[in-house]
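Contents: one structure, followed by commentary.
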Amino acid sequence: MPSVNLSTPIEYLKGVGQQKAEILKKELGIFTFSDLLHYYPFRYIDRTRFYKIREIHADLPAVQILGRVVSKEVIGDKRAKRLVAQLRDETGQIELVWFQSLRWVEKTLQVGAVYTVFGKPSEFGSKYSISHPELEAYNQNAAKTGNLSLQPVYNSTEKLKQSFLDSKGIQRLMAVLLEQIRKDIPETIPPYLLAKHRLIDRASSLCQIHFPASTEMLEAAKRRLKFEELFFIQLKLLRNKLVRTARFRGLVFGQVGQKFNEFYTTKLPFDLTNAQKRVLREIRQDTQKGVQMNRLLQGDVGSGKTVVALMTMLLAVDNGCQACLMAPTEILAKQHFASLRAMAGDGFVNISLLCGSTPRKERKILHEGLRTGVIDILVGTHALIEDEVQFKNLGLAVIDEQHRFGVEQRARLWRKNEVPPHVLVMTATPIPRTLAMTLYGDLDVSVIDELPQGRKPIKTLHLFESQRLRMFGFIRQEIAKGRQVYVVYPLIQESEKMDLLYLEAGIEAMSREFPLPDYRISIVHGKLKAADKDFEMQRFVKGETQIMVATTVIEVGVNVPNASVMVIENAERFGLSQLHQLRGRVGRGAEQSYCILMSGNKLSREGKIRLETMVRTNDGFEISETDLQLRGPGNIEGTQQSGVLDLKLADLSVDQHLLKEARAEVIDLFEKDPDLSSEDNRLLREYFMSRSGGIRWDKIS
Ligand code: ADP
Ligand code: MG
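Heads up, the working numbering is the position in the sequence shown plus 701, with the first residue counted as 1.
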């Protein structure tokens, strides 16, 4: 027999053959022995316990019962012929029913004998029955020697089932496979780490995940395999970081100079929060080391990231460099530009704006200013990564709203200078810690987890359609106090037509309820031309209108401190992070702000949880955790290329401890043995060598 290994094509497995192989490939993407080995059960049937008949109800999954068959009879006419047996234990009686193979069952089933019965109970009239149960004559000794206690259940498909590859069929293949290759399953984690983290070896864990000897062994197997998944993602991420920092020298911002100090002492109109100070210290340390900074700055809306960005840019200027700030939309870029200018004041540093809409002539002047170094700080959209934009000495790139820019775009920024500029990525979308460790595992993370003093927490309430008049009344009150109000409608691609109808109806209702000349309304939605949108927006910003009816275009970046009410229509249709972002548009001034979530009466379970969460808390991190629990990492923006979706067993919403343990281990590991050259770490080194291209060891210092 030819020797087999994990990469042997699946058709060579005994019991597979050409035809089944084709189906396994097509239906499950199983091409090799290894693929099959990693096709894990999605659940297990617990055969370790026997149910009493009295405990049976229709909601149970398949259960195991021990009982005596007290009768059997074939009933019904030709078309609906069936065999019904009564099974009894000391607590009650249940029916066993067969529609097929009646002759055989009738012959073998012994009235008066005790059987182990296994199957899914269903309710039939007032009685319970199990159709086509698995039966086994009860044998005290056999039970003690322990048959399979937890039976694996595999996902199968119609096509697979037609080829006898239902869950049972796959289980049979798995048994054959493990028999053959068990001894050839290589270990991937060094023994000293297995011992340290109390992990069982790889071969055992793969055997146990398919055929657990006990619940405890199953848990141990899962833990080991989850750890492995998380560990290798971290190993890759942190390895990349190590290579990058070794490869890219960083500019040294050796001094805190005149601009930074002058801004801090004479221009800053408030005290920095402790969190802001801490982040600035972290940035200072990063930029002194001679290594390129790649730092993610997470902070809820309103936590004051902009001022941190500005002070970091001043630090660059003080050290003879230019800085840029890149925003995902033109509106946001303009807003940043305006607020940076307002903070810095005239003649302090030269701040310019570059957007897609910047006229050619102006652009030329800008380009010139950037090349000669007249411009200190450039604010803009994607336009500023275009090749014709060249800096004299770009020392820092700040990117706002990370998830809208890809890694590739970040890399283009790096190439804007001979020594790559430091990169500070800001995001107002709080990401659960576990996800951040995986998504941005190669970045350093700073968190502003404190709002500026005196900020009043936004009050959130949830109203149903029937309470609409209350909402109108409240808006009137706030406007009478001089405040402004947002009313936001969902505009979601798939059902755009319906959404537009809602929006139009909403605008009409608002215009009726809040008529001219007492009230003026701005209307902003994605269908407007950019110039019109801008005009409407500006009217609101300047306070010429009191109400802004809008779709989610305002989600990012509008800053009107006088706006104190955010009404969200059809709030149940928004995702949690979107609701949180929208709410963040208010609460920016000194006044008490409110968020009113309007919804229909019928809410899905998830919709209800979302709205309850919003009412309960203002904490973006708590909200993002709930979002992760509700939707899983696959639906959270930015996860697509991160590897978290390749996780087969580990679940970032549950396995936080294991992730932290794995990451801490990897950090420790690279500190002690950065190029994994010790004999102890041979397996890890081989892991990298086996990947295409391997690792550029020569680049590591
Ligand atoms: P973010 O970008 O994090 O959402 P901003 O930087 O726009 O937040 O800040 C929100 C508002 O809070 C701005 O008006 C800003 O001037 C103000 N602000 C920032 N830091 C402080 C602080 N330490 N004390 C008081 N107000 C602050
Ligand atoms: Mg901001």
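The beta-carbon is built from N, C-alpha and C at its ideal position, and this holds for glycine as well.
Does the distance from the C-beta atom of residue i to that of residue j stay below 7 Å?
| i | j | result |
| --- | --- | --- |
| residue 1249 | residue 1187 | yes |
| residue 1127 | residue 998 | yes |
| residue 785 | residue 795 | no |
| residue 1003 | residue 953 | no |
| residue 1149 | residue 1266 | no |
| residue 1120 | residue 985 | no |
| residue 867 | residue 888 | no |
| residue 732 | residue 765 | no |
| residue 1135 | residue 1353 | yes |
| residue 881 | residue 1124 | no |
| residue 855 | residue 742 | yes |
| residue 1351 | residue 927 | yes |
| residue 728 | residue 860 | yes |
| residue 822 | residue 761 | yes |
| residue 824 | residue 904 | no |
| residue 995 | residue 895 | no |
| residue 1053 | residue 1032 | no |
| residue 1262 | residue 1240 | no |
| residue 1074 | residue 1062 | no |
Whole angstroms are fine: how far does the CA of residue j sit from the CA of residue i?
| i | j | result |
| --- | --- | --- |
| residue 710 | residue 877 | 15 Å |
| residue 846 | residue 1141 | With a pLDDT of 38 at residue 846, under the threshold of 50, the modelled position of this residue cannot be trusted, and the question is left open. |
| residue 1476 | residue 1246 | It is not possible to answer for residue 1476, since the shown part of the chain is limited to 702 through 1402. |
| residue 1057 | residue 1084 | 6 Å |
| residue 1300 | residue 1167 | 10 Å |
| residue 1302 | residue 1325 | 25 Å |
| residue 843 | residue 798 | Reliability of the predicted coordinates at residue 843 is poor, the pLDDT of 49 falling under 50, and the value obtained from them is presented with this limitation in mind. So the alpha carbons of these two residues sit roughly 26 Å apart. |
| residue 908 | residue 716 | 19 Å |
| residue 893 | residue 1379 | 12 Å |
| residue 1005 | residue 1286 | 13 Å |
| residue 966 | residue 983 | 20 Å |
| residue 1042 | residue 1229 | 28 Å |
| residue 899 | residue 1377 | 22 Å |
| residue 750 | residue 835 | 15 Å |
| residue 816 | residue 756 | 18 Å |
| residue 1200 | residue 1226 | 11 Å |
| residue 734 | residue 753 | 41 Å |
| residue 831 | residue 943 | 60 Å |
| residue 1381 | residue 1114 | 39 Å |
| residue 1100 | residue 1028 | 6 Å |
| residue 789 | residue 840 | 17 Å |
| residue 1364 | residue 1035 | 39 Å |
| residue 782 | residue 807 | 13 Å |
| residue 1327 | residue 1272 | 17 Å |
| residue 1205 | residue 870 | 57 Å |
| residue 848 | residue 864 | Reliability of the predicted coordinates at residue 848 is poor, the pLDDT of 49 falling under 50, and no value is obtained from them. |
| residue 1154 | residue 1386 | 50 Å |
For residue i, which residues does DSSP report across the bridge?
| i | result |
| --- | --- |
| residue 1187 | 1249 and 1267 |
| residue 836 | 818 |
| residue 773 | 786 |
| residue 1023 | 1095 |
| residue 667 | Look at the range of the chain in this structure, 702 to 1402, and you will see that residue 667 is not part of it. |
| residue 1161 | 1296 |
| residue 1224 | 1250 |
| residue 1233 | Beta-bridge pairing links residue 1233 to no other residue. |
| residue 872 | None; residue 872 has no bridge partner. |
| residue 854 | 744 |
| residue 805 | The partner list for residue 805 (beta bridge, DSSP) is empty, contrary to what the question assumes. |
| residue 1168 | Bridge partners of residue 1168: none, in fact. |
Write down the C-beta distance between residue i and residue j rounded to the nearest angstrom, noting that I regard them as a contact closer than 8 Å.
| i | j | result |
| --- | --- | --- |
| residue 1294 | residue 1180 | About 14 Å separates the two Cβ atoms, so there is no contact after all. |
| residue 932 | residue 1366 | 7 Å |
| residue 1014 | residue 1024 | 4 Å |
| residue 1264 | residue 1171 | With a Cβ gap of about 20 Å, residue 1264 and residue 1171 do not count as contacting. |
| residue 1408 | residue 1037 | What the structure shows of the chain is the stretch from 702 to 1402, and residue 1408 is not part of that stretch, so it cannot be assessed. |
| residue 1312 | residue 1163 | 5 Å |
| residue 713 | residue 853 | Not really, about 23 Å apart at Cβ, beyond 8 Å. |
| residue 1151 | residue 976 | 4 Å |
| residue 1046 | residue 968 | 6 Å |
| residue 1277 | residue 1269 | About 12 Å separates the two Cβ atoms, so there is no contact after all. |
Hey, is residue i close to the ligand COA, as in C-beta under 6 Å from one of its heavy atoms?
| i | result |
| --- | --- |
| residue 971 | Judged by which ligands are present, the ligand COA is missing from the structure shown, whose ligands are the ligand ADP and the ligand MG. |
Identify every run of the alpha helix (DSSP H) within the stretch 929 to 1007, keeping only runs that are complete inside it and at least 4 residues long; order them along the chain.
959 to 963 and 975 to 989
Can you give, in chain order, each stretch of the beta strand (DSSP E) that sits fully within the stretch 1115 to 1157 and has at least 3 residues?
Runs found: 1123 to 1128 and 1145 to 1149.
Sequence ranges, beta strand (DSSP E) only - wholly within the stretch 1029 to 1104, length at least 3
1052 to 1055, 1078 to 1081 and 1095 to 1101
Can you list, in chain order, the stretches of the beta strand (DSSP E) that have 3 or more residues and sit fully within the stretch 718 to 769?
The stretch 718 to 769 contains these whole beta strand (DSSP E) runs: 744 to 747.
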